[in-house]
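**Student:** Per our numbering, residue 25 is the first one in the sequence shown, and the count goes up by one each step. The beta carbon of each residue, even a glycine, is placed where N, CA and C say it ideally should be. Computed from a predicted model, the values in this text were never measured in an experiment. The structure that follows is given in the form of structure tokens.
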Amino acid sequence: MLFDKPLSYVTFEDIQELSDEHIEESMILDYKQELNDYSIIKQVTAFSNTKGGYLVYGVTETGKGGYPQSINGIDSNFNKERLEQIILANIIPRVSVQIKKIPIPGRDRILLVVYIPEGQSKPYYNNQDKRYYKRYNFSATPMDENEIEWLYQSRFFGLSKLERYIEEAIYYSQNKLSHEVQLHDIEGHVVITPLKIDGQMFDPSPEFGLELMKLYSEKVKDCRSYVSYSIRPTKFGIKWNEDHSHKINEVEIHKNGMIHSMKNCGSLNDENHLKKFDDRQLACNILQTIKFSSTFYSKVDYIGKVKIIVKIFNCGNSVLTNEQKEQKGVNECDSEEIFVERQWDSWRLEEDALLLAKYILDEISNYYGLWNSRLFYEDDGIIKYSI
């Protein structure tokens, strides 16, 4: 049935089963006969603010809260990419949805299934009609002020000061990406930060950035594979990046000592509509960020505990790749976001870089049905990286 499998495996028979079994609308399921822009923005906002769920278009139900009465479908010329752009452009903060077109046998019509995961950054705002919605009594219902305030408090005050700061930094970087990149590319964020972020570790300047690059280049063969020579001031500190909104490639050091690297680690395959997640590219970014952070902390004489966070966005319906080829025996990731966190001593970062990267990649591999990462192995008790 629809609820028991990844969306990419859902077929017409699964939707027919909803009708045959008289599966009624619920908190996580809604049937719609017609598709229009205003309605879907409203519905996606409501599902994101509640428990998530499924929208099935092309189905007439027996009444509000009812089960499918007839399956008529919608126009087969439906433009999936246009719908993704509409959702992305009109809901704040950004939501990640999965959309699948299902042909109706013997007819030039399709069913459209939209899966909306429960939002992790509630409340979500419908920027088209300037309202917040929730899923209530089988429909999208406007939220009252108390509900909105409670969700904001849960979102921000439920987090520590450090967690809120990291969320803000990531969100700020994401907002500068083009809609096309946000829709089709997999973002890999690597953050390494002291546990306390109240002070200032350095004075941002081009000279400081160049000196740091020189120190880092002594540890790696080509530091330009990680940081470019385009050093810029930012509201947080200094940043190295490629000046293109259609590329994900930047490294930023915050004045309080936080290092944030955002790089591409996968994209959509136009042939089978699966996203290819390049774990090797992510592993390289993690290792480089660890070594870069170690260089920075040594330069500013910081010794203490650091938190290492890896967040991957837009990875739902993705598969692991090996040099652009899908790995056999690997499942699709059914999560839109992956989050891994570790805590370490700053003075051990470079020494333990391979161990840390292995721990993180092993956990990420679990999302794809693997116990361990394919990229690391042990030789006489020594962890090695399979380049």
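Can you give me the Cβ contacts of Lys382 inside the same chain, cut-off strictly under 6 Å, excluding the 5 residues immediately before and after it?
**Tutor:** Working through the sequence shown from its first residue, we reach residue 382 at position 358. Hits under 6 Å: Phe400 and Ile407.
**Student:** Reducing DSSP to helix, strand and coil, say where Tyr409 ends up.
**Tutor:** Here the question's residue 409 lines up with position 385 in the sequence shown. Tyr409 falls in the strand class under three-state DSSP.
**Student:** In angstroms, rounded to a whole number, what distance separates the CA positions of Lys259 and Asn73?
**Tutor:** Start at 1 with the first residue of the sequence shown, and residue 259 comes out as number 235. Start at 1 with the first residue of the sequence shown, and residue 73 comes out as number 49. Their Cα atoms are separated by approximately 31 Å.
**Student:** Beta carbon of Tyr391, beta carbon of Ser359: below 8 Å?
**Tutor:** One-based indexing of the sequence shown puts residue 391 at position 367. One-based indexing of the sequence shown puts residue 359 at position 335. Taking 8 Å as the Cβ cut-off, Tyr391 and Ser359 qualify as a contacting pair.
**Student:** Along the chain, where does the alpha helix (DSSP H) that runs through Gln206 open and close?
**Tutor:** Position 182 of the sequence shown, counted from the start, is the residue given in the question as residue 206. Element bounds for Gln206: His203 to His208.
**Student:** Mark Phe27 as exposed unless 16 or more other C-beta atoms lie within 10 angstroms of its C-beta, in which case mark it buried.
**Tutor:** The residue given as residue 27 occupies position 3 in the sequence shown. By the neighbour-count rule (16 or more Cβ atoms within 10 Å), Phe27 is not buried but exposed.
**Student:** Entirely within the stretch 55 to 109 and at least 4 residues each: give me those alpha helix (DSSP H) ranges in chain order.
**Tutor:** The qualifying runs are 61 to 73.
**Student:** Three-state secondary structure (DSSP) at Arg372?
**Tutor:** In the sequence shown, the residue the question calls residue 372 occupies position 348. Of the three classes helix, strand and coil, the one that applies to Arg372 here is helix, per DSSP.
**Student:** Report the residue ranges of all alpha helix (DSSP H) runs contained in full by the stretch 170 to 244; include only those spanning at least 4 residues, in chain order.
**Tutor:** Correct list: 185 to 198, 203 to 208 and 230 to 241.
**Student:** Can you round the beta-carbon distance between Ile65 and Ile110 to whole angstroms, since I take them to be within the 8 Å contact cut?
**Tutor:** One-based indexing of the sequence shown puts residue 65 at position 41. One-based indexing of the sequence shown puts residue 110 at position 86. That pair is a contact at about 7 Å.
**Student:** To the nearest angstrom, how far is the alpha carbon of Thr84 from that of Lys56?
**Tutor:** Residue mapping note: residue 84 aligns to position 60 of the sequence shown, counting from 1. Residue mapping note: residue 56 aligns to position 32 of the sequence shown, counting from 1. Using only the alpha carbons, I get a separation of about 6 Å.
**Student:** Which same chain residues end up closer than 7 Å to Ile272 when comparing Cβ atoms and leaving out the 5 residues on each side of it in sequence?
**Tutor:** Mapped onto the sequence shown, residue 272 falls at position 248. Closer than 7 Å at the Cβ level, and outside the excluded window around Ile272, lie Leu201, Val205, Asp209, Glu211, Met286, Lys287 and Asn288.
**Student:** Give a yes or no on whether the C-beta atoms belonging to Ser342 and Lys300 are separated by under 8 Å.
**Tutor:** The count along the sequence shown starts at 1 and reaches residue 342 at position 318. The count along the sequence shown starts at 1 and reaches residue 300 at position 276. Their beta carbons are under 8 Å apart, which means Ser342 touches Lys300 by this criterion.
**Student:** On the premise that Ile98 lies in contact with Ile134, defined as a C-beta separation below 8 Å, what is that separation, rounded to the nearest angstrom?
**Tutor:** Counting from one through the sequence shown, the residue named residue 134 turns up at place 110. Counting from one through the sequence shown, the residue named residue 98 turns up at place 74. That pair is a contact at about 6 Å.
**Student:** Apart from the five residues just before and just after Tyr33, which ones in its own chain have a Cβ nearer than 6 Å to its Cβ?
**Tutor:** For the purposes of this step, residue 33 is taken as residue 9 along the sequence shown, with counting starting at 1. Result list for Tyr33: empty, nothing under 6 Å.
**Student:** Output the boundary residues of the beta strand (DSSP E) element that contains Thr313.
**Tutor:** Counted from its first residue, the sequence shown places residue 313 at position 289. Run containing Thr313: none in the beta strand (DSSP E); it sits in the alpha helix (DSSP H), Asp303 to Lys323.
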